[in-house]
Amino acid sequence: MTSSDTVRPAAVTARGWGWRHAGRTQPAVHGLDLDIQPGERVLLLGPSGAGKSTLLHALAGVLGDSDAGAHHGDTADAEDSDEAGALLIDGAPPRAQRGRAGLMQQDPETQVVLSRLGDDVAFGAENLSVPRVDIWKRVGEALDDVGLAHLPLDHPTSALSGGQKQRLALAGILAMRPGLLLLDEPTANLDPAGVLEVRDAVGRCLDKTGATLVVVEHRVGVWKDLVDRIVVLQPGSATDSAVLLDGAPDQVLAQARDMLVAAGVWVPGYVPATRTRSGAAAPAGVTGSGVSGSGVPGSGNLLLAAEALAVSRERPRRRRFKAVPPVPVQSGITAQVRAGRALTITGPNGSGKSTFALTIAGLLQPVAGKVSATVDLSDGAGIDPYKWKAEQLISRIGTVFQEPEHQFVTGRVLDELMFGPRHLGHGEERVDELLERLRLTKLVDANPYTLSGGEKRRLSVATVLAAHPRVLILDEPTFGQDANTWAELASFLSELLDAGTAVVSVTHDQEFSDVLGGTELKLGAPELNLAAREPGPRNPEVAAP
Amino acid sequence: MREALTLHANHALLTRANPLAKFGVVMLMTVVLALSIDWVSASVALAFELLLFPLAGLTVALLWQRGWPLIVAAALGGWSTSILAPDTGKILVDVGIWSISEGSLELGLGFLLRGLAIALPAVLLMSCTDPTDLADALAQKAKLPHRFVLGTLAAMRLVGLMAEEWQTIGMARRARGVGSHGTPAQRLRATLGQSFGLLVQAIRRASRLAVTMEARGFGGAQRTWARESTYSALDIWVVLGGLLIAAAAVSAAVGAGTWNMVFLEQQ
């Protein structure tokens, strides 16, 4: 390494800094005073709306102009954004120092820029006008640092898993040799294995380069041992400082434990209190029959069954006038969904968990085998849920998608909730109860797209339940949720179970499935996995058609 | 869809040629073949193009998979020309208002062959050219603005992602009770709603991607290129090969007396 090649850790200074996004009346950050020494590792905590992401974006030099606020979901407004005070990296404004800070965001899909592994890592270094020979040296080193060096440089980035994509993003950042690493909820969209992959890669790189770290993350336990300082932000105002607490991790966690718990932060060693199922005596893992849960009549009745099911998201392809069925991601699945019982689907990435859930939900056509609804559930609509009309489906099987926004169909929270009942012609009276129960009453006139992450999740569950389905299917309902939303959701679902609804959830979250109880369906490793596995003898590209 | 944008394990000879040289040859073929409607020049060009398949790593099955709309269009064009063109020579088939004569069949065949001969080079180009390499060549050799070229390249990656997103949103909306059935008006409304959902997601993804790119220093006036776009001896052969095919097609047609410049006919 030449001297120009080594990383010079960056210092951060904020003096009375504030920022208001274009089109907003309230500032996102107000009166922030903060000093971060070169090489310090800081975990940034605080309730949503405290301006954590805004601060990271500002430090990355990407705040302002047309991009302002896009991350937060507000629409552009002619009104300009507003900056107050000073925010400096090494004494100079971030915008003037391209490449001094590197930013990783939450959504792995948008952290990848180019379609080949090596090109993507090189992208940042190219933009900083690094000479060609140095770029490839940096690319090799960066891939090695994040543990992706076993893949060929022309490996397609679309074939990477979520955790691998985030590590690739880290490599692309490292190749710029930034003195400041900014991570904005880098692991919120990842499964537990992916979370550790990314955390460990970040730790290794920091140990090697000594760069300064600022990370925003709800799950304190993941990052606690890696950082040496926790800063808790609060929504700033004229009277309060933007920094609520600042100190060593153990000290801050001890001081502010109650406050952090109240703010929904995942404090280590704390599992939020949830409602206990009335049939909780039933041990988890025992199959349906014989476990008497609640006293609800019909509880335990078979509603939906999958037999020797093979699933895929692809539709049959037409080749030489014949329909060729797609290659299933998983096959031979047999499962039963019973009233008042929970079914948890687990398994590694790519094992077809979500695909299976969507297939029994009547949204995807089985590749082989069958999904059949019992008379109890179908109520005259026929045996195959995939053939049901949309109105028939929603009053029988409700599906909550991982991304709430995918399911929003109107521009107002109340309309969103009334949508199902209006189509069905009944059930509007239930909406008030759902609003109350899921704390959405104050938001009835808001646009669903402008809600916070937790509010969107609660709304998406409420909208599906408004149609009163007897089977509720949820795809990773707790991904990226704060502890409060998590506890509310778990308690609410346990109530539904006791009231006789069948709940099927795809989840990596052990604590969540413990609350719901019931049966676990473990799907095995994928049969054909185009996503590269960790070091293996086969070139994954061989599988390409 | 996303896989269609990469080259997979195609290591054929022509994948190593500079995309700009290949692009130039495709343009040349298009212009030459557009000059005359005759079956001789088109079939000579087509024969050469078929010979090039192995060099581009293309198989007939892959050709059909990627280029079937063009092939179908060429076939339809040929068919309609043979039945609708003014009849000359012996009448071969006569079904009321439709008739195929020797003259109109020859014209239709010329149309079909010419359509294929013009479409194939484009399919050949795409099957042996990685979009990233094409972008490199356009920015470094053709000197197009790099912000525009790289922005387009990054957006193309999102297009594949959006195709998957479309399917997911469709399912998510069915799960809300919005079905793709009912009267045509209802279906149209459902499709519009789904398009709006996709648009929202596309804008979100695009703005996040823009933040990612900007945070990686994209947007400056200067940048270096990790992959140098270079010309090699192979590119001379590519251009010479293109000229040879064009010359062979024209001289064969002139020699056979079938060459007719479509634009000069009126004079």
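Chains P and Y, in that order, are what the protein sequence lines are.
What the first sequence shows, in this note's numbering, is residues 492 to 1036, in sequence order.
What the second sequence shows, in this note's numbering, is residues 3 to 269, in sequence order.
Quick reminder that beta carbons are idealized off the backbone N, C-alpha and C, glycines included.
Here the structure is a predicted model, which is why all the values come from computation and not from measurement.
With 8 Å as the limit, tell me which residues of the segment 209 to 224 of chain Y have their beta carbon closer than that to any beta carbon of chain P; keep them in chain order.
Listed by position, the residues of the segment 209 to 224 of chain Y near chain P (Cβ gap below 8 Å) are 209, 210, 211, 212, 213, 214, 215, 216, 217, 218, 219, 220, 221, 222 and 224.
Can you find the residues in the same chain that come closer than 6 Å, C-beta to C-beta, to residue 504 of chain P, ignoring five residues on each side of it along the sequence?
Correct list, in chain order: 526 and 579.
CB contact below 8 Å: residue 6 of chain Y versus chain P:
A caution first: residue 6 of chain Y carries a pLDDT of 46, below 50, which makes its placement in the model unreliable, though a value can still be read off. No, because no Cβ of chain P sits closer than 8 Å to the Cβ of residue 6 of chain Y.
Determine the chain Y residues that contact residue 885 of chain P at a beta-carbon separation under 9 Å, and present them in chain order.
Neighbours of residue 885 of chain P on chain Y, chain order: 176, 177, 178 and 179.
Can you tell me where the beta strand (DSSP E) with residue 60 of chain Y in it begins and where it stops?
According to the DSSP assignment, residue 60 of chain Y belongs to no beta strand (DSSP E), since it is labelled neither H nor E.
For residue 197 of chain Y, does the count of other Cβ atoms within 10 angstroms reach 16, so buried, or fall short, so exposed?
When all chains shown are included, residue 197 of chain Y counts as exposed.
Spatial distance of residue 119 of chain Y from residue 71 of chain Y (CA atoms)
Roughly 14 Å separates the two Cα atoms.
Is there a Cβ from chain P that is less than 8 Å from the Cβ of residue 207 of chain Y?
Yes, residue 207 of chain Y lies at the interface with chain P (some Cβ there is under 8 Å from its Cβ).
Can you name, in chain order, every residue of its own chain whose Cβ lies under 7 Å from the Cβ of residue 942 of chain P, other than the five neighbours on each side?
934 and 950.
Contact list for the segment 91 to 102 of chain Y against chain P, Cβ threshold 8 Å
Only those residues of the segment 91 to 102 of chain Y whose C-beta falls short of 8 Å from the nearest C-beta of chain P would be listed, and there are none.
Selection from P:996, P:641 and P:571 that minimises the alpha carbon distance to residue 659 of chain P
That would be P:641, whose Cα lies nearest to the Cα of residue 659 of chain P.
Beta carbon proximity, residue 226 of chain Y to chain P, threshold 8 Å:
At least one chain P Cβ lies under 8 Å of residue 226 of chain Y.
Could you compute how far the alpha carbon of residue 175 of chain Y sits from the alpha carbon of residue 540 of chain P?
Within the model, the alpha-carbon separation for residue 175 of chain Y versus residue 540 of chain P is close to 29 Å.
Compile a chain-ordered list of the residues in the segment 974 to 990 of chain P whose CB is closer than 8 Å to at least one CB of chain Y.
Within the segment 974 to 990 of chain P, no residue places its CB atom closer than 8 Å to a CB of chain Y.
Could you say if the segment 134 to 154 of chain Y and the segment 198 to 208 of chain Y meet the contact criterion of at least three C-beta pairs nearer than 8 Å?
In this structure the segment 134 to 154 of chain Y does not touch the segment 198 to 208 of chain Y; the number of beta carbon pairs closer than 8 Å is below three.
Excluding the 5 residues flanking residue 697 of chain P on each side, which residues of the same chain have their C-beta closer than 8 Å to its C-beta?
So the qualifying residues of the chain are 532, 672, 704 and 717.
Tell me which same chain residues have a C-beta within less than 7 Å of the C-beta of residue 215 of chain Y, skipping the five on either side of it?
Here the set comprises 156.
Please classify residue 129 of chain Y as buried or exposed, where buried requires at least 16 other C-beta atoms within 10 Å of its C-beta.
It counts as buried.
Output yes if chain A places a C-beta closer than 8 Å to the C-beta of residue 856 of chain P; else output no.
The question asks about chain A, but that chain is absent: this structure's protein chains are P and Y.
Taking the alpha-carbon of residue 598 of chain P as reference, which of Y:246, Y:232, Y:248 and Y:212 has the nearest alpha-carbon?
Out of Y:246, Y:232, Y:248 and Y:212, Y:212 has the C-alpha closest to the C-alpha of residue 598 of chain P.
At which residue ranges does the segment 594 to 632 of chain P contain complete alpha helix (DSSP H) runs of 4 or more residues, listed in the order of the chain?
The alpha helix (DSSP H) runs of length 4 or more contained entirely in the segment 594 to 632 of chain P are, from start to end of the chain, 608 to 618.
Helix, strand or coil at residue 876 of chain P [DSSP, three-state]:
Reduced to three states, the DSSP call for residue 876 of chain P is helix.
Near residue 258 of chain Y, what residues of its chain come up, given a Cβ to Cβ distance below 7 Å and the 5 sequence neighbours on each side ignored?
Counting only Cβ-Cβ distances below 7 Å, and skipping sequence neighbours, we find 42.
Among the residues of its own chain, which have a CB less than 8 Å from the CB of residue 744 of chain P, if the five just before and after it don't count?
Here the set comprises 711, 715, 721, 751, 758 and 759.
Is there at least one Cβ from chain Y nearer than 8 Å to residue 436 of chain P's Cβ?
The shown model of chain P, from 492 to 1036, leaves out residue 436 of chain P, and the question about it has no answer.
Check residue 510 of chain P in the structure and name its three-state DSSP category.
Strand, per DSSP.
Going by alpha carbons, who is nearest to residue 800 of chain P out of P:858, P:595 and P:975?
For the residues P:858, P:595 and P:975, the minimum Cα distance to residue 800 of chain P belongs to P:858.
Given that residue 619 of chain P touches chain Y, what residues does it touch there, using C-beta distances under 9 Å?
Ordered by position in chain Y, the residues that pass the 9 Å Cβ test against residue 619 of chain P are 218, 219, 222, 225 and 226.
To be precise: take each residue of the segment 621 to 634 of chain P, compare its Cβ to all Cβ atoms of chain Y, and keep it if any distance is under 7 Å. Which residues remain?
Of all residues in the segment 621 to 634 of chain P, those with a C-beta nearer than 7 Å to a C-beta of chain Y are 621, 622, 623, 626 and 627, reading in chain order.
Please report how far the alpha carbon of residue 874 of chain P lies from the alpha carbon of residue 866 of chain P, in whole angstroms.
Taking the straight line from one Cα to the other gives about 8 Å.
One or two residues paired with residue 672 of chain P in a DSSP bridge
Partner(s): P:593 and P:704.
Do residue 680 of chain P and residue 701 of chain P count as a contact pair if the criterion is CB distance below 8 Å?
In this structure, residue 680 of chain P does not lie closer than 8 Å to residue 701 of chain P by Cβ.
Residue 142 of chain Y touches chain P at which residues, Cβ-Cβ below 7 Å?
Those within 7 Å of residue 142 of chain Y in chain P number zero; the least Cβ separation is about 11 Å.
Option nearest residue 975 of chain P by Cα separation, candidates P:959, P:709, P:854 and P:849
Nearest of P:959, P:709, P:854 and P:849 to residue 975 of chain P, Cα basis: P:709.
Residue 80 of chain Y versus chain P: which residues are under 8 Å apart at the beta carbon?
Among the residues of chain P, none has a CB under 8 Å from the CB of residue 80 of chain Y; the nearest is roughly 22 Å distant.
Where residue 538 of chain P sits in the DSSP three-state scheme:
The three-state reading of DSSP puts residue 538 of chain P in coil, since its state is none of H, G, I, E or B.
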